[in-house]
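The structure appears below as structure tokens.
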Amino acid sequence: MRKGFILQGKQLDTDSLLKLALAGFFIALNGFFVLSEFSLVKVRKTKLEEFVKEKVPNARLALKMTYSIDTYLSATQIGITLASLALGWLGEPAVASLIRPPLEKYTGLGPIAIHTIAVIIAFTMITMFHVVFGEQAPKLVAIARSERTVLFIARPLYVFWMICYPIIKVFDFIAAAAVHLVGVRAVNDSELAHSEEEIKIIADESLKGGVLDSTETEIIQNAVDFGDTVVKEVMTPRKRLVCINKQRSLEENLKLVGETQYTRYPYIDGSKDHVIGMIHIKDILQSVLNGQKPDFDKIARKYIIVPENCSISKIPRMMNKAHISAVLVLDEYGGTAGIATMEDIIEEIVG
């Protein structure tokens, strides 16, 4: 006779107790894989990169897992499936064995009715515990604390992934073949990235949530549009250009500089379509402080030429390479359309 425990006048054998304990274990195991799945999906790579720099334990492994998320999600799905099957196999009979004795004692029903009622109640209870503690609760925890949760699950999930790797590869191959048959192709990382409009929406939502202020939101949205803006939209147009003219006297040019007090001046030879170079105000002041008359031909700085439809995202790199801070913008006929400075481009972003 097997050893057991007395419950409602009946002996509950150790097999049932073991099955109950295993049922609890598989609910917890199911919860672990759900926790893993949602934390991997929810966690931000940028946050994990911060953890890696701070040398937080398991951060590097967790970051590595997010870059190969498909295969680790496959591992969580296998784990959830196995845990759920085991729970159904062991849990329902174990709980039903607890319910039968009181039903037999207090209802007076026949064996078939008692068995049916016990199975229904057991199934309902197992389902409730499975959904609440094996699914919903872990999901809520993973969503609320994804960064810390992913550090907790990283090591054990990696071990499980290593054990199941051959099975995962087979399942992934079959799944890929199946979706290919119905005309669906896998997406790459660039297709999973946020679009420009999505980034703007995220910035707006962050503003509403108090994460960003209005200035930060404007900078983000301007930066998103940066590559779509052409230099014609940010330049100082031809009609507003104040130029130092080689054909004027030094006194006339210095008077013009004193009256306008700009930082840079196009240096022209008679016409705005004949630009010799760019004159910076500090070079003029340096000559004056040295007791010399400014020699515009000597202090004129070189410039580069861009068409008015050039994207402003290309100009900073061109400026840095040529060690200049202003470009001459030409129209479609080759005439001077205006000038654009680094300040104009920065202002387009920061407003």
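In our numbering, the protein residues as written are 266 to 616. Just so it is clear, CB atoms sit at the ideal spot from N, CA and C, and this is done for glycine as well.
Per DSSP, reduced to three states, the secondary structure at D534 is strand. Judged by DSSP secondary structure, V592 falls outside any alpha helix (DSSP H) and instead within the beta strand (DSSP E) spanning 591–595. Closest option to L287, judged by alpha-carbon separation, among D562, V384, V360: V360.
In this structure, the beta-carbon distance from T414 to L300 falls below 8 Å. The criterion of a C-beta distance shorter than 8 Å is not satisfied by L477 and A488. The C-beta distance from I544 to Y530 rounds to 5 Å, short enough to meet the 8 Å contact threshold. In the DSSP annotation of this structure, the continuous segment of the alpha helix (DSSP H) that includes A286 starts and ends at 279–307. The Cβ neighbour count for K579, taken over all protein chains shown within 10 Å, is under 16; the residue is labelled exposed. In this structure, I533 is the residue among T494, Q526, I533, T501 with its C-alpha nearest to the C-alpha of N510. Rounded to the nearest whole angstrom, the C-alpha separation of K504 and I604 is 11 Å. Between the alpha carbons of E483 and V615 lies a gap of roughly 7 Å. Judged by their CB atoms, L352 and I391 are nearer to each other than the 8 Å cut-off. By the beta-carbon neighbour count (other beta carbons within 10 angstroms, threshold 16), T501 is buried. By the criterion of a C-beta distance shorter than 6 Å, S552 is surrounded in its chain by P559, once the five residues flanking it on both sides are discounted.
Beta-bridge partners of R566 (DSSP): M543. For T341, the enclosing alpha helix (DSSP H) covers residues 334–371.
In the three-state DSSP reduction, T494 falls in the coil class, being neither helix nor strand. For T482, there is no enclosing beta strand (DSSP E); the residue is part of the alpha helix (DSSP H) that begins and ends at 479–489.
For the pair of segments examined, the segment 290–305 was found to touch the segment 400–407: the number of CB pairs separated by less than 8 Å reaches three. The closest CA to that of V495, considering only F290, D596, S333, is found on D596. Remark: three or more beta-carbon pairs, one from each stretch, lie closer than 8 Å, so the segment 418–434 and the segment 339–346 are flagged as touching. Between Y527 and I546, the beta carbon gap of about 7 Å places them in contact (Cβ cut-off 8 Å).
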